[in-house]
Each structure stands twice: as C-alpha cells, then as structure tokens.
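Structure first, commentary second.
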Amino acid sequence: MAKKKKTPEELSIDPAAQEMLIRAEDLGIGTAFTRAEEMSPCNIGGSGMCCKICGMGPCRLTKDGQTGVCGATIDTIQARNFIRAVAAGAAAHSDHGRDMAFTLKAVANGEAEGYVLRDVAKLRTVAQYYNIPVEGRSPEEIADELADLYIAQFGQQRGIVAPVIRAPKKRQKVWEETGVTPRGVDREVVEALHRTHIGDDQDAEHILQHAIKVALSDGWGGSLIATDISDILFGTPAPILGQANLGVLKDNMVNVVVHGHEPTLSEMIVAASQTPEIIEYAKKAGAEGVQLSGICCTANEILMRQGVPAAGNFLQQELAILTGAVDAMVVDVQCIMQALVGLAENFHTKIITTSPKVKIKGATHIQFDEHKALTIAKEILKTAIDNYSNRGKTHIPDVREDLVPGFSHEYINYMLGGSYRGSFRPLNDAIISGRIRGVAAIVGCNNPRSQHDFLHTYVAKKLLEQDVLLVETGCGAIASAKLGLLLGEAGLDQVGPGLREICETVGIPPVLHMGSCVDNTRILTVLTQVVEEGGLGDDIEQVPAVGLAPEWMSEKALSIGTYCVASGAYVIFGGSSPVGGMPDRVADSVIVSNYLSEGWEKLYGGKLEFIPDPDEMIKATLEHIDKKRAALGLQEYDPSKWGRSGDNRMLTLEEMSLEERRVAMYGAAD
Ligand code: NFS
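First residue of the sequence shown? That's 38 in our numbering, and the numbers climb one at a time after it.
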C-alpha cells in the first residue's frame, strides 16, 4: 500500500516552513522533507548493526549470536560505528577550532586584513588560565602566545590538552582515574580510526572508553578553543535584539544568506556589507541595500554578536532558496545540503562555496583566505548584488519573530550582579530554594524524520511549565526563537511561577540563547561556575541539570552528547538510537545501549540515552533533576510556594487608584 503523503502541517510546525513546502509542491520541487518521505531508512545500519569497515562485508547482523565474517559481534560493531561517528563529529568541531587559532595567530601578527582583537578583556582572562603573562604586554603579544599554545593543542601527543584544567577539580580527578584525560584531538581521532580498523580493538567497553576520550578532546579541547577565540576576535556575546525566520528576507534588498559554521568569513561579510562602497554598489543595482541573514550555526554566530537575523535552522536552508528572493547563499563548512545547488537552478540563487575543504559540484567557488578577508567578502557581496537583476517572482512568508540572544557565561555572571558583584550566587540560590527546579540544555539539529521543530519546542514548553530554566544552542535555539520564547516578556505566562519570578527579577527570557553548537562549551563553563559558586555539590554530576538533543541527526551531536556525559551530565537524545538494535539479545556480553547509560553512569556519573517519545523525555528529565535535588538535600520542588514576589505585583499596582494601592500594600484600615 502506498504511504500516505504528509501534509505541510505534519512536516513542520513552523508556518513559514509550511508555506514554503506548499510552494515547493506547487512548483514540483523536492526538498529534504519529501526525500525523507521517499527514502526508507535502513533499520540494520540505523541501529549500528552493519559493519563495512573491510572488504569482506558489509556484514549485516540481524540475529542474536550472529557475527561478521571476521567473527565481530554486534556489540563490537555497534561500538565501532559509534566511536567513528563521535570521531567525525569531534574532528569537525575541532578543525573549526584549529582554523580559528590560525586566524588568531594571523591577527596577532597584523597579517589578517580587516580583523581586530575585539575583546581584549577575554584575551587576558583566557591567557591567565595558562599562565601566559599579560601585564605590560600588548594585546597582540598576548594573542600571539595564546595562538601558539592553542595551535599546539590540536597535535598534543602526550600529556593533557591544556583547557582541561578549566573543568572542576573533582571532574579532572574522575578523568585521571578512569584514564580518559584527553590528549590533542588529532591524536585521539587517529587512534579511534586505528582501533576500529579491521582486526584491532574488539572489546566494546574498551572502544567506548576511547570514545569518551575522543569527545573530551573536542569539548574541553577543540570546541572550547573555538569559542574562546571567536569571542576574542569578534566579541563576547551580550544580549542584543534580533529576528528569526524566513520573513527576515526582503523584496527590495539584495538578500545574502550565510550558512555553515565558522564566524570568520561571515563576520567580515557583515562588516563589508556596511561599507559605503557596497551600499552604493547595491543601490546602483536598483536595490535599497544588502540584507544579510544566516542559517544554522553561522546564523547563531552573527545573530548573537551583531543582531544579524536568522533566516532559519537546518531544515530551512532549502526553503530559503524556494522564496526566490535569495541572491546568494554563501556557505563554508558543515550541515550544507548538496541538494542546494540543484534546487537553486530553479531560481536565480547563486550558491557560493568558500572553504578550501568544501566544494559542491555546480556551485561558484570563491575561496576564503583570512589574510585577504575584507577583499574577498566584498567580492562575494558584489557577486550577489550583480545577481539581483536576475531575480524572478518571489514569495517571502510574512513570518518572523523578535528575540534576544547573546547569553554568554560572562554575561550571565554580569547580569546576576553587575560589574562589581557579578556572580552565579543568585542562580545557585534560585536552584537551592526551588524557584528554579533545575536547568536543561536543549541543543542540536533538525531531522526530517520527525516533525520540524516540534520536539524542540514541545519539550521546551513543557519543561518551562515545570520551572526548568533552559539554555539553548544550535538549531534548537533557532526553533525556540521562532516560537517567541527568547524574548524577555514573551511566554512568561506559560512558565512555572518560580522561574517566572526569577526571569522578571533579573530581566531575562526563560530560554537563554548561548550560541552555536561549538558553544556548547559555554554550557560546560556555566556548569563549572555553578559548581565553583558552591551549594550545589563539587562536581557537574551533582547539579540538577540535563542535556537534550530532541531532533539530533549529526555526528557532531554525538560528540557533544558524549563529552557532556563524560563531564557528568545526563544526556537524552530524541529520534532513533544509532546503537539500538536487538536490545534484548543474550549472546553478547555487552548491550551497547545499556553500557552508554548504566555503564557510563557508573564511571562518569553521566549517561546517554535515546528516548523517542517526548513525554518520556520530559519525565526522565524531571525525575533526574528531582533525584539530584534530593541527593544534594535541597528542598523538594513545590511550585505552590512561588508566584507572589515578582514584578507582577507592581504591574497590578499601577492599574489601581491610590487608595486601592494602599489597601493592597498595607491592608484595609480598621
Ligand atoms: Ni549543530 Fe550547528 Fe544545526 Fe545540527 Fe547542524 S547547524 S553545529 S549540527 S543541524 S544543530
């Protein structure tokens, strides 16, 4: 029987996406949404039970006790597939970090056209972690030494990778005792590939132990370095007003969408777009100017620093082109669909690849080089402007939402006490008192195997009702942004009473946008600061916090999940499990999915679970938070105690007469 075709409403909860899916259908154009419907996933490969690491296979294991040609068991095969995915994810994030380190070196030496060291205070703070002298030295001298130190971390052969010293002391000890303190990411990734070559490591637990090490070399290595340097070069994020969704595209402007991950080129495109030369050039072409917007994590990078709007998240890259209004989509690395080029041929959109690592057949390649960044950014913009006159009929959905992103851990520290008394104390106190029940990080991708944005936003809304403060990154953050949850006042009537009091008092939205996926390291830093502030244990595993990736799909997400587990967090992934096959089998000594949960929990206090049902996800999150609260001896969560001390009372008072106010404040006179 033919499968029933899904309606646009079933494919996405986002009205802008729905509108574009109708347009795609009218024009007879396929997208990832329709391709996912047509392509049945392979259950054997999807559950990690297909081994294709040598030419004797692929060996597809479907029965209990069955092995591959070489004798490899299901647990070995699943562990090998899992670590290879983690290694690819770690490599992607960390290679991004490496390029940032090279850019920092070039800026320090005056060789990078157009860049400056924008956050010297962060530069000095970071340098001091590693005892790099700062007093009496120019920012360039400090940056040069820091860049050398950071560049050296990627190939660190022996000893620990330097940023690990920034984890809580107790956590560092756990890693030392379990033998997983990471060396440089290059070495850990190479070892992962070596171990999983035919005929090497064939003990699932032993392989997965190394997966932890690989992921840690990303989370407390390459990714953390990427975040540090992005802040030093482009500024540490602070709240700023932005907008999200396809409605940010403009009919009367040249629309340039930057998509991918690295902020180096996109920041320069932002700068170049504001130069008189480019504005003039756009006007000559008949447009009113250049409208920049972003997709995926490039969007997050320039949104949280410059307020440049986000056109959408991962599943909206094709939908942006379907508007017919995008004059150029400029891509660098990661999460870029090959389908963009074929899709763009139906319109006038130019797909411009820029990374020496990423070319797509049929795309225009203008290679980025940080030494000539401004010149290249202008060339890209002029190519887009020249294309403006080729635009045909456009269809831009009138859907956009305001948001306030930019909650770096530095800003959270500042907002909780100002310049002189900045501290995490108020946050810890709010958790201790139970106004905030716990913290959840909702991160990660979109996946067309589930309704676009639904899992992210459903889980987010339900947890907010339960007084759980949310921090978000990546495409999950953009999903919440489009729903209006990233605005101070918006949605507060839907959050629990205790959390609402905190949001109103501090003046924050209930969902804090913390950046791109590489910036999940900011969440590690926040958790470390929470621990160091005191009152919530002395290690991350004790904090009532959970990490969720409801719509994950990328290998990077698996690396993030794994380093968060190794750091002590409970991590829940939605969708399907890459190690889920035959969970009841008896023939193997290790059921990998159980090992990632119970096995890792025994060693690291954190665990990784795959839970497809959103209500189950929420239940598991709340149970874990309450379990951690109880272990710390904190008051039981009781929402009935809160809701009377926020600014809300002031709002009611304003509407009253003087006499009514007096009665409300002091009671009726006898
Ligand atoms: Ni993260 Fe950011 Fe989005 Fe997933 Fe891709 S953009 S790095 S991988 S899809 S969240």
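Quick reminder that beta carbons are idealized off the backbone N, C-alpha and C, glycines included.
Around the beta-carbon of residue 667, fewer than 16 other beta-carbon atoms lie within 10 Å, marking it exposed. Residue 243 is not a Cβ neighbour of residue 228, given a cutoff of 8 Å. Under the three-state reduction of DSSP output, residue 87 falls in the strand class. According to the DSSP assignment, residue 231 belongs to the alpha helix (DSSP H) that extends over 222–232. Rounded to whole angstroms, the separation of the alpha carbons of residue 257 and residue 195 is 16 Å.
Between the C-alpha atoms of residue 659 and residue 438 there is a straight-line separation of about 29 Å. Each residue's CA atom was taken as its position, placing residue 554 and residue 126 some 11 Å apart. Note: residue 96 is bridge-paired with 88 in the DSSP secondary-structure output. Set against 7 Å, the gap from the CB of residue 282 to the closest heavy atom of the ligand NFS is not smaller. With at least 16 other beta carbons inside 10 angstroms of its own, residue 496 counts as buried.
With fewer than 16 other beta carbons inside 10 angstroms of its own, residue 231 counts as exposed.
Of all C-beta pairs linking the stretch 353–372 to the stretch 530–541, fewer than three are shorter than 8 Å, placing the two stretches out of contact. Per DSSP, the continuous beta strand (DSSP E) segment holding residue 645 begins and ends at 644–647. A distance of 8 Å or more separates the beta carbons of residue 283 and residue 310. For residue 292, the beta-bridge partners assigned by DSSP are 328, 363.
Taking 7 Å as the cut-off, the C-beta of residue 553 counts as close to a heavy atom of the ligand NFS.
By the C-beta density criterion, residue 42 is exposed, having fewer than 16 other C-beta atoms within 10 angstroms. Here the alpha carbon of residue 572 sits roughly 11 Å from the alpha carbon of residue 467.
In this structure, the alpha-carbon of residue 606 lies about 19 Å from that of residue 549. For residue 461, the secondary structure class from DSSP, reduced to helix, strand or coil, is coil. Within the model, the alpha-carbon separation for residue 338 versus residue 220 is close to 28 Å. Between residue 264 and residue 407, the gap from beta carbon to beta carbon reaches 8 Å or more. Annotation for residue 594 indicates a beta carbon within 7 Å of some heavy atom of the ligand NFS. With 16 or more neighbouring CB atoms inside 10 Å of its own CB, residue 140 falls in the buried class.
The beta strand (DSSP E) runs of length 3 or more contained entirely in the stretch 444–506 are, from start to end of the chain, 475–479. Taking a 10 Å sphere around the C-beta of residue 88, we find 16 or more other C-beta atoms and assign the residue as buried. Under the three-state reduction of DSSP, residue 197 is assigned to coil, being neither helix nor strand. Here DSSP, grouped into helix, strand and coil, assigns residue 606 to coil. Excluding the 5 residues flanking it on each side, residue 513 has same chain C-beta neighbours closer than 6 Å at 479, 480, 481, 493, in chain order.
Of all C-beta pairs linking the stretch 89–97 to the stretch 616–630, fewer than three are shorter than 8 Å, placing the two stretches out of contact. In the structure shown, residue 541 adopts helical secondary structure according to DSSP, grouped into three states.
Between residue 347 and the set 669, 295, 167, the nearest pair of CA atoms involves 295. Between residue 577 and residue 583, the C-beta spacing is not below 8 Å. The beta carbon of residue 47 lies closer than 8 Å to those of 488 in the same chain, with the five residues before and after it left out. In the three-state reduction of the DSSP assignment, residue 394 falls in the coil class.
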